[in-house]
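Before any comments, here is the structure.
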Amino acid sequence: MHTFSLSRSPLVLALVLAVLGCGSAQANDSSFGDDNGTIRLLHQPDISMDKEALLLSEERVQVDYVFTNNSERALTVPIAFPMPPMYFGMADHSELTDFKLWVDGKPIATTRKLVVLLDDGSDISKAFAASGWSADDVATFTESGTVPKGRKLLPARWIDPDQQPRFTLSEYFVWQQLFPARRSVQIRHAYAPSVSTGVPQSSAFLLESYAKDTCIDPATRTSMQRREGEHGLGWANLRYVLTTGKNWNGPIKDFQLTIRKQAASDMLSLCFDGALKKIDPLTFQFKQTNFVPIRDLNLLFVRRPE
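Listed below in structure tokens is the structure:
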């Protein structure tokens, strides 16, 4: 395992080619940030990913893909980009927003669908729609524990003993993608990512919370403790689900990861099985041919509070 710690900057990304039944993880923080995902196909042995260029920052995620249909017939594949699960609670929720999609350089319209998954992964979207409940109704129920006026009780299996939902609600951007025979298709998506952040925290808190998952090394630990002021340290945690992108034919032939920081003085720590090269004061890059993702990305950015 390669441990990589640097002075600073952000993370994030997501897009899923898939059936609408895939689950998503989530985590709570002083501000809630979701796992951001990567592109994933419903298993398509005839489609290869020839290129993926992934740009991660706290403000923007952009991914450029080149997919090739290696078969003698055109394939139309259902594609869905899942938003992170909706969060109902007292903390601020940093949502994934401003999702945009282009295919071969042209903007593509998508359809939004609400997907509801039980904690065992089963899809109850149709049953939830038939109940008449809305996302706002779920928010009201989560916060008050009472059934909204005019709504019927939800099935007992859907609610835990603390009167909290056992299900998640996510909106999906959905479209049908044509892959012509023996041709490549360029797909780009971009969005403002979901981020976990909050008020400045002490180095002790950040180290306890993130040292293991982001491979904070001794030098970075010392730097965090040295820079910590009276009001602690500014921080942001960005997570990117890289390992779901394995349903195409073969490895990613040409993979490029670019991580861009907000400021040269920021500290960045992550676990990564590869050599990230510093190409300017803000930017780090990794390139590899025939790349197979084996772990997700979990980045911690630390800075002096503003």
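Per mature numbering (1 follows the signal peptide of the UniProt record, and there is no 0): the sequence shown = residues -27 to -1, 1 to 279.
Here a beta-carbon is modelled for each residue, glycine too, at the ideal position from N, C-alpha and C.
Quick caveat: nothing in here was measured; it's all calculated off a predicted structure.
Using only the alpha-carbon positions, how far apart do residue i and residue j sit?
{"i": "Leu90", "j": "Pro51", "result": "19 Å"}
{"i": "Leu33", "j": "Ala163", "result": "Going by the sequence as given, residue 33 is Arg instead of Leu. Taking the straight line from one Cα to the other gives about 7 Å."}
{"i": "Ser98", "j": "Leu27", "result": "31 Å"}
{"i": "Arg277", "j": "His204", "result": "9 Å"}
{"i": "Ile132", "j": "Trp148", "result": "32 Å"}
{"i": "Thr113", "j": "Thr83", "result": "29 Å"}
{"i": "Phe178", "j": "Leu273", "result": "13 Å"}
{"i": "Arg233", "j": "Leu74", "result": "21 Å"}
{"i": "Leu255", "j": "Ser242", "result": "14 Å"}
{"i": "residue 292", "j": "Asp37", "result": "An answer regarding residue 292 cannot be provided, because it is not within the stretch -27 to 279 covered by the chain."}
{"i": "Leu127", "j": "Asp71", "result": "32 Å"}
{"i": "Phe152", "j": "Leu48", "result": "5 Å"}
{"i": "Phe264", "j": "Val168", "result": "26 Å"}
{"i": "residue 296", "j": "Met59", "result": "Outside the displayed span of the chain (-27 to 279) sits residue 296, for which this structure offers no information."}
{"i": "His66", "j": "Asp190", "result": "Here the model assigns His66 a pLDDT of 43, short of 50, so the residue's position is not dependable and the matter cannot be decided."}
{"i": "Pro134", "j": "Lys122", "result": "21 Å"}
{"i": "Gln235", "j": "Ala100", "result": "44 Å"}
{"i": "Arg85", "j": "Phe54", "result": "9 Å"}
Can you tell me which of the three DSSP states residue i falls into?
{"i": "Cys119", "result": "It is worth fixing the name first, because residue 119 is Thr in this sequence and not Cys. In the structure shown, Thr119 sits in coil (DSSP, three-state: anything other than H, G, I, E or B)."}
{"i": "Trp131", "result": "helix"}
{"i": "Ser4", "result": "With a pLDDT of 30 at Ser4, under the threshold of 50, the modelled position of this residue cannot be trusted; read the value that follows with caution. Strand at Ser4."}
{"i": "Glu144", "result": "strand"}
{"i": "Val89", "result": "strand"}
{"i": "Thr187", "result": "coil"}
{"i": "Lys125", "result": "coil"}
{"i": "Arg194", "result": "helix"}
{"i": "Thr84", "result": "strand"}
{"i": "Thr113", "result": "helix"}
{"i": "residue 308", "result": "Outside the shown range of the chain (-27 to 279) lies residue 308, about which nothing can therefore be said."}
{"i": "Phe40", "result": "strand"}
{"i": "Ala154", "result": "coil"}
{"i": "Ser107", "result": "coil"}
{"i": "Phe245", "result": "coil"}
Report all residues from its chain with a CB closer than 6 Å to the CB of residue i; omit the five preceding and five following residues, and keep chain order.
{"i": "Gln150", "result": "Val50, Ile52"}
{"i": "Lys251", "result": "Phe257"}
{"i": "Leu215", "result": "Thr11, Pro266, Asp269, Leu270"}
{"i": "Val76", "result": "Ile160"}
{"i": "Gly207", "result": "Pro173, Arg276, Pro278"}
{"i": "Val88", "result": "Leu(-8), Ser98, Ser143, Tyr145"}
{"i": "Thr231", "result": "Leu28, Gln258"}
Measure the CB-CB distance between residue i and residue j and report whether it falls below 8 Å.
{"i": "Asp92", "j": "Phe140", "result": "yes"}
{"i": "Ala129", "j": "Thr170", "result": "no"}
{"i": "Glu25", "j": "Ile225", "result": "yes"}
{"i": "Gln198", "j": "Ser176", "result": "yes"}
{"i": "Ala154", "j": "Asn42", "result": "yes"}
{"i": "Val39", "j": "Ser117", "result": "no"}
{"i": "Gly247", "j": "Gln229", "result": "no"}
{"i": "Cys244", "j": "Thr187", "result": "yes"}
{"i": "Asp23", "j": "Ser44", "result": "no"}
Per DSSP, which one or two residues make a beta bridge with residue i?
{"i": "Asn222", "result": "According to DSSP, Asn222 bridges with nothing at all."}
{"i": "Leu179", "result": "None, per the DSSP bridge assignment."}
{"i": "Lys234", "result": "Lys234 pairs with nothing; no bridge assigned."}
{"i": "Lys251", "result": "Phe257"}
{"i": "Thr70", "result": "Ala165"}
{"i": "Ile160", "result": "Tyr38, Val76"}
Excluding the five sequence neighbours on either side, which residues of its own chain have a C-beta within less than 8 Å of the C-beta of residue i, listed in chain order?
{"i": "residue 292", "result": "Residue 292 lies beyond the residue range present for the chain, which begins at -27 and ends at 279; the question has no answer from this structure."}
Only counting the same chain, and skipping five residues up and downstream in sequence, which positions put a Cβ closer than 7 Å to that of residue i?
{"i": "Thr119", "result": "none"}
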